[in-house]
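Comments concern the structure below.
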Amino acid sequence: MTDEDERARLERIVAIASITGGCPLKEALKVALPDVKWLDLGTNSADSVDYPDFAGKLADAIKAGKAGRGILVCGSGIGISIAANRHAHIRCALAHDVTGERLCRQHNDANVLAMGGRLIGEAVAKECVEVFLSTKFGGGRHQKRVDKLGSC
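In terms of UniProt numbering, the sequence shown opens at residue 1 and continues consecutively.
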């Protein structure tokens, strides 16, 4: 399998994880987007869990080649996005609207999208994920900027 084939395969697999406050939105996204090949990393219980743990599980899955992109959901999306961005290979953007999701892919090559399950409605979240998954990185002048992130 060529590198390009492997990248294409991984792009079809999307890791998804949440903490308790994001579980309802995580499950709603899986139902609303049945054509996505989801790799569900939990949580799937009402027990209190910590967002750094689930951001770490998702980051590890991407690093291990189990998924090409990821979706993280917590109550606000803020804590889990901060935790995800502590991993050098992750570029996590916080979802607000489809324009932001288009730009995070085109300009920043974001590979993870974080959402606030208590802040964003299901319809907007679905649209954001669709745009995030369908938008390609623009490269060009943006590539050198993304490359500099590795030295931060």
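Every residue gets a Cβ at the ideal spot worked out from N, C-alpha and C, and that includes glycine.
Asked                                                                                                            : Found
Opening and closing residue of the beta strand (DSSP E) in which residue 129 lies                                : Careful: residue 129 lies outside any beta strand (DSSP E), inside the alpha helix (DSSP H) at 122-134.
Straight-line gap, residue 59 to residue 141 (C-alpha atoms, nearest Å)                                          : 26 Å
Collapsed DSSP secondary structure at residue 91 in the structure displayed                                      : coil
Beta-carbon proximity check, residue 146 vs residue 98, cutoff 8 Å                                               : no
Bridge partner(s) assigned by DSSP for residue 45                                                                : In DSSP, residue 45 forms no bridge with anything.
Rounded separation between residue 63 and residue 89 - CA only                                                   : 7 Å
Sequence-distant residues of its chain with Cβ nearer than 6 Å to residue 114 (five each side left out)          : 72, 77, 80, 81, 92, 94
Residue 18, buried or exposed, once every other Cβ within 10 Å from all chains shown has been counted against 16 : buried
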